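Asks: Residue numbers (my numbering), protein chains in the order written: chain S, 22 to 839; chain D, 76 to 399.
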Amino acid sequence: MSEALHRRLEEIWCTPKGLRALTGVNHTTVGLRFIVTGFVFFLVGGVLAMLIRSQLAFPGNDLLGHRAYNAAFTLHGTAMMFFFAVPIMEGFAVYLIPKLIGARDLVFPRLSAFGYWCYLFGGLLLFSSVLVGDPPDSGWFMYTPLSSKPWSPGLGSDFWLLGVTFAEISAVAAAIELTVSILKTRAPGMTLARMPLFAWYILVTSLLIVFGFPPLILASILLEVERAFGLPFFAPHAGGDPLLWQHLFWLFGHPEVYIIFLPAAGLVSTLLPAFAQRPIAGYAWVVLAVIATGFLSYALWVHHMFATGIPLLSLSFFSAASMAVAIPSGIQVFAWIATLWAGRPLMKVPLLFVLGFLFIFVLGGLTGVMVALVPFDWQAHDSHFVVAHLHYVLFGGMVFPLFAGLYYWMPLVTGRQPSETGGRVAFWLIFIGFNLTFLPMHWTGLLGMPRRVYTYPEGLGWELLNLVSTVGGFLTAAGVAAFLIDIALQRRYGPRSAGNAWNAGTLEWSMRSPVPSYNFASQPAVDDRDPLWREPELAAKAQAGAFYLGHPEPQRREMMVTSALHAEPQQVAILPGNTWTPLVAALLTGLFFLGFLVKAYWLAALGAALAVAALAAWAWQGSSRGGPLEIDAGLGARLPFHYATAAPPGYWGGLVTLIADATLYASLLFAYFFLWTVSPAWPPQGYRDAGLALPALGLAVLVASSVVVRLGRGSTPATLFAMALAAAFVALEGAALLPALEARSHAYDALVFSIWGYAVLHVAVAILMAGFVIARRRSGYHERVGEARVAELFWHYAVAAWAAGFLVVHVFPFLVPR
Amino acid sequence: MRLPSKILSIAAAPLAAGCEGVQSALDPQGPAAAAIAQSAWIMGFGAAAILALVMALALYAVYRAPGRRAPSSTAVIVAGGVALPVVALSALLAYGVTLTRELRERGGEAALELEVIGHRWWWEVRYPGAAAGETVASANEIRIPAGRPVAIALSSADVIHSFWVPSLAGKIDAIPGRVNRIVLRAAQPGSFRGQCAEFCGAQHARMALEVRAETPEDFERWLEGLRRPARAAAAPGAGLFKTHCAQCHTVRGVAQSAGRLAAPDLTHVASRPRLGGTLENTPQNMAAWIERNDALKPGNAMPAFRELDPRSLEALAAWLSSLE
């Protein structure tokens with residue numbers, strides 16, 4: 022029975038072999054792709070690091086010239102932050118979250134595949150800059166004006182801005198998907214308070230991405246527009262301010278640190294109980310600490326700017342916040358210690374990496390408190406002290422847990438147990454090498470060595486310290502090589518592991534080994550945080566199909582959708598199977614970025630149009646018309662299919678997407694008000710006002726369209742009328758505003774133009790979405806109420822966005838003294 | 076010296092041996108850097124103690140003898156994760172905020188105001204001239220009277236730079252379109268090295284400068300000299316300078332820069348300790364710099380004068396090296 026069911030489910034869920042493997046959307050496949058690709062970028066970034074350390078081994082060394090060195094450290098930082106740390110943790114989340122929460126897949130499988138392709142292509146785009154001999158070399162932080170056209174006239178900055186933005190699509194996509202998956206697809210009975218800690222960490226991380234990445238995406242768009250079309254946002258001679266870039270960049274950049282650290286800490290909190298053989302100590306404390314970290318991480322960004330000359334009061338506030346964030350980290354550290362203390366720890370390789378993590382991360386956290394002290398930061402900032410600090414936090418905080426996690430969860434993937442010897446050799450090489458590299462570097466920095474210098478003179482006391490760091494760097498690299506060899510050996514020769522390799526309590530260990538593509542033959546009902554400890558027979562029951570959706574003749578990819586708080590069964594989602602759409606959509610999106618890069622804007626426009634068409638085809642894809650509306654989900658639950666409900670997962674996905682979109686818009690408005698505070702005259706002298714009459718009429722017409730959409734209840738004539746009103750708005754506002762603007766002359770005009778552009782783009786998309794809903798209905802998809810609600814929601818959002826834009830563009834200038 | 080700092084300095088003595096250097100933040104030569112170095116020692120030892128405590132607890136938790144009873148988990152979390160950081164951080168925050176205010180406000184009574192402008196990749200330094208509102212320029216060297224606070228108004232002509240002389244004070248950014256202020260005060264006469272701390276492109280590594288603190292009398296005498304035009308011999312070098320260099324460089328009394336590119340004022344170039352930020356200022360290096368500065372500081376805006384015949388090169392270098 023269970024074997025036949027297994028074969029049938031495997032047929033439905035598996036990723037095909039050969040070329041068709043590219044159509045795979047299953048989270049197990051996509052998660053592993055993220056992890057492997059991320060690790061490859063880790064190796065690339067590591068090679069760059071070895072180049073950097075080789076150059077700095079001796080004073081006056083001429084191994085690398087300034088160009089190669091500056092490109093190397095720029096690409097090292099970029100690779101490690103954007104193409105290794107964030108994506109590999111996303112990979113862990115994509116791979117593990119459904120398994121941990123008892124789901125069969127993530128809720129938007131095509132979106133995860135699309136995200137993966139965007140990430141891969143973005144990385145290839147960025148690193149192709151090396152092949153054409155014009156790599157970015159203004160640092161991974163891309164400070165303006167160094168990265169602006171006058172000082173970086175080549176393609177390097179464009180490669181960076183476009184490649185990274187392309188890849189960031191994947192971060193935002195994963196964040197949307199993981200948020201909805203965690204909230205809506207937990208196993209029945211898995212209330213929020215019973216959720217595995219990793220899911221809490223990933224939920225908070227996802228929300229950090231939703232609020233944290235848009236400022237950087239916006240900043241990248243603005244800088245690329247400035248470079249490509251000459252609209253000034255950051256250029257001081259035209260009303261811009263280089264500090265605007267820094268604010269937007271660090272508004273992203275500090276949450277980014279926690280976007281990297283929290284998933285890694287989540288791995289620790291999840292695997293530690295297995296080694297202590299008891300539940301985590303202080304579950305509620307840890308959850309609160311994680312949430313507190315999420316909030317505090319938005320109050321830290323200015324601590325990267327203590328030396329920019331900001332006022333004393335801001336310095337004190339951001340100093341306090343930067344110190345306060347040590348408290349939730351302290352809570353987690355002591356919760357881990359308390360867990361070990363209360364348990365019977367088994368000293369295996371993953372635990373060894375956790376202890377290494379503890380040492381390095383705590384040290385990094387303590388030096389973090391040091392640089393939160395403003396006067397000390399004035400010395401340490403941009404010196405090698407900070408290089409040491411950030412590597413302690415990121416390498417200690419993220420890479421060590423990563424290795425612990427790789428060793429711990431490897432049996433799920435390979436079905437084999439890791440070796441103890443190989444893992445210990447890798448650990449000690451990496452641990453000793455790492456500390457040898459970065460412990461002396463604190464000293465180097467305080468002896469006055471700044472960051473990002475490709476050469477240094479003799480006689481300043483830096484020679485020995487640098488040489489030691491270089492030796493340590495190569496030792497670390499040897500440790501990573503030992504890890505790779507160990508994994509290769511394990512795959513081949515490791516002993517077969519039992520299903521529950523570590524006698525852990527969480528659901529991912531209830532599956533067959535290695536894990537099947539469908540995860541759970543039937544989706545278990547859960548009533549404890551560590552269900553396998555509470556109910557040891559759960560695994561056998563789930564594999565035999567005794568729980569939800571365990572019917573013997575499955576036909577398609579079905580998954581439970583449950584309520585957000587209490588995880589009560591609500592719907593059954595039909596998930597899409599393997600398809601080329603995500604790859605095609607990503608390739609066409611790539612065409613857009615490529616067109617921008619080579620300055621063939623017709624190609625970019627074509628790519629954008631085709632990508633939109635591909636997304637429409639994607640949205641059209643899927644289940645058949647007029648199918649059943651309900652299903653027997655097992656255990657006596659009769660549930661509607663997701664598409665027949667008013668709040669399918671897609672509606673939740675739409676909401677989270679709009680939050681990210683609104684954050685991007687808020688960042689744009691922030692840019693407007695920030696430049697207002699630093700400008701002598703706002704609007705600038707000589708700006709011809711557009712008047713209020715036409716814009717007010719335009720706004721009235723636009724608001725009317727929203728009312729029509731609401732009252733028309735989706736009827737085709739009402740929708741068409743609303744579309745006409747929206748088009749009238751675009752014409753009215755354009756006629757009023759565009760003649761008044763000289764977008765290339767001043768940051769004010771450039772920002773007003775951008776706010777207008779944002780509104781017009783959103784109105785256009787709203788019209789497209791409404792058209793899509795009409796077409797769907799005409800083709801007979803009558804039951805899809807959720808889709809129509811998403812389109813309507815977007816319409817109201819577009820109108821609200823312009824209402825805010827109207828206040829800023831047309832009303833605000835009257836309120837400020839000229 | 077108060078007792079705690081006395082204890083600290085004794086504890087730090089073995090370490091302090093490795094702290095010396097003309098660019099070391101741990102070898103402070105002025106009150107601002109001294110206050111920060113003290114904070115570094117306090118926090119450094121505190122951090123080491125906390126790290127030792129945490130690791131001892133973690134290792135004990137893993138390796139303790141079986142059968143020992145564990146304390147309540149909540150007690151461990153509250154004591155270590157809440158109480159300890161709240162107490163330690165509150166104290167540290169109070170200390171930090173006070174120190175920040177102190178360092179910012181020091182220098183309200185500055186004896187002298189200088190302008191420093193960051194260029195890729197050199198520092199323009201402007202001193203008050205003889206007449207009010209006038210300034211005289213030098214480059215890559217800042218002379219100050221020892222014992223007196225000197226205010227520096229910092230700006231940038233191109234990208235963002237950061238002004239950092241670790242043994243005197245922390246750093247502050249030079250941002251185009253903005254003016255930042257920092258106060259330098261050296262306790263004793265001496266030479267201190269600094270360099271740009273914000274990545275600014277190709278030769279960020281060689282954007283160095285030297286601060287020289289002198290007795291107030293020596294400083295006044297030197298400033299008088301700086302204000303005077305060059306005492307230049309009417310040698311062939313002067314003619315060569317006018318033909319080849321005055322497009323960008325000024326030697327007051329000989330030729331005014333045509334302003335093609337911003338370049339260091341060379342009126343008293345021979346009195347500066349270094350050329351191009353890092354080379355010792357000798358006639359040989361002067362000639363080498365003129366002939367092939369693109370190899371000595373690749374990416375530098377100055378053209379290399381390889382086409383100059385050896386005699387002209389020598390004459391030009393000799394003349395420039397005479398501009399005391």
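Think of the CB as a built atom: it goes at the ideal place given N, C-alpha and C, for glycine as much as any other residue.
All values reported here derive from a predicted model rather than from experimental measurement.
1. Using a Cβ cut-off of 8 Å, which residues of the region 343–372 of chain D contact any Cβ in chain S, in chain order?
2. Please report whether the beta-carbon of glutamine 270(D) lies at a distance below 8 Å from any beta-carbon of chain S.
3. Alpha carbon to alpha carbon, how far is alanine 401(S) from isoleucine 365(D)? Give it in angstroms, no decimals.
4. Would you verify that the beta carbon of aspartate 770(S) is, or is not, closer than 8 Å to some beta carbon of chain D?
5. Note down, in chain order, every chain S residue with its Cβ under 7 Å from the Cβ of glutamate 273(D).
6. Three-state secondary structure (DSSP) at phenylalanine 614(S)?
7. Give a yes or no on whether 8 Å exceeds the smallest Cβ distance from histidine 194(D) to chain S.
8. Please classify alanine 824(S): does DSSP put it in a helix, a strand, or coil?
9. On the premise that arginine 347(D) lies in contact with asparagine 215(D), defined as a C-beta separation below 8 Å, what is that separation, rounded to the nearest angstrom?
10. Starting from the beta carbon of isoleucine 250(D), find every residue of chain S whose beta carbon is closer than 7 Å, and list them in chain order.
11. Spell out the partners DSSP gives glutamate 355(D) in its beta bridges.
12. State the beta-bridge partners of phenylalanine 267(D) as determined by DSSP.
13. Are the CB atoms of glycine 616(S) and alanine 625(S) within a distance shorter than 8 Å?
14. Taking Cβ-Cβ distances below 9 Å as the criterion, which residues of the region 76–91 of chain S are in contact with chain D?
15. Using a Cβ cut-off of 8 Å, pull out every chain D residue sitting near threonine 13(S), in sequence order please.
16. Inspect the beta-carbon positions of arginine 256(D) and isoleucine 227(D) and report whether they are closer than 8 Å.
17. Comparing the C-beta of valine 407(S) with each C-beta of chain D, is any distance below 8 Å?
18. Rounded to whole angstroms, what is the Cα-Cα separation between leucine 696(S) and leucine 145(S)?
19. Does chain S have any CB closer than 8 Å to the CB of alanine 56(D)?
20. For threonine 388(S), return the contacting residues in chain D, with the cut-off set at a CB-CB distance below 8 Å.
21. When DSSP labels each residue in this structure, what does alanine 195(S) get in the three-state scheme?
22. Would you give the residue range spanned by the alpha helix (DSSP H) that serine 133(S) belongs to?
23. Determine the DSSP secondary structure at proline 235(S), reduced to helix, strand or coil.
24. Which stretch, first to last residue, makes up the beta strand (DSSP E) that contains aspartate 653(S)?
25. Assign tyrosine 514(S) to buried or exposed, taking buried as 16 or more other Cβ atoms, counted over all protein chains shown, within 10 Å of its Cβ.
26. Residue range of the beta strand (DSSP E) that asparagine 255(D) falls in?
27. Tell whether a beta-carbon distance below 8 Å holds between glycine 96(D) and leucine 468(S).
28. Thinking C-alpha only, which one of Ile453(S), Leu713(S), Arg805(S) is nearest alanine 850(S)?
29. Are there 16 or more other CB atoms within 10 angstroms of the CB of histidine 803(S), so buried, or fewer, so exposed?
30. At least one CB of chain S closer than 8 Å to the CB of glutamine 104(D): is that the case?
31. What residues in the region 113–146 of chain D bring their beta carbon closer than 9 Å to a beta carbon of chain S?
32. With C-beta atoms as the reference, is leucine 167(S) less than 8 Å away from valine 234(D)?
33. Along the alpha helix (DSSP H) that carries isoleucine 348(S), what are the first and last residues, could you check?
34. Less than 8 Å between CB atoms is the rule here; does proline 160(D) satisfy it with respect to chain S?
35. For methionine 76(D) and phenylalanine 294(D), what's the separation of their Cα atoms in angstroms?
36. For tryptophan 394(D), count neighbouring Cβ atoms within 10 angstroms of its own Cβ and tell me buried if that reaches 16, exposed if not.
Replies: Considering the structure as presented:
1. Thr353
2. yes
3. 36 Å
4. no
5. Asp403
6. helix
7. no
8. helix
9. 7 Å
10. Pro263, Leu264, Thr329
11. Arg349(D)
12. Val286(D)
13. yes
14. Gly86, His87, Arg88, Tyr90, Asn91
15. Outside the displayed span of chain S (22 to 839) sits residue 13(S), for which this structure offers no information.
16. yes
17. no
18. 35 Å
19. There is simply no residue 56(D) to check, as chain D begins at 76 and stops at 399 in what is shown.
20. Ala122
21. helix
22. 130–152
23. helix
24. 651–655
25. exposed
26. 255–259
27. yes
28. Outside the displayed span of chain S (22 to 839) sits residue 850(S), for which this structure offers no information.
29. exposed
30. no
31. Ser114, Ala115, Met118, Gly119, Gly121, Ala122, Ala123, Ile125, Leu126, Val129, Met130, Leu132, Ala133, Leu134, Tyr135, Ala136, Val137, Tyr138, Arg139, Pro141, Ala145, Pro146
32. yes
33. 347–363
34. yes
35. Only weak support is given to the placement of methionine 76(D): the predicted model assigns it a pLDDT of 42, under 50, and the value that follows is read from those uncertain coordinates. Methionine 76(D) and phenylalanine 294(D): Cα-Cα distance of roughly 30 Å.
36. buried
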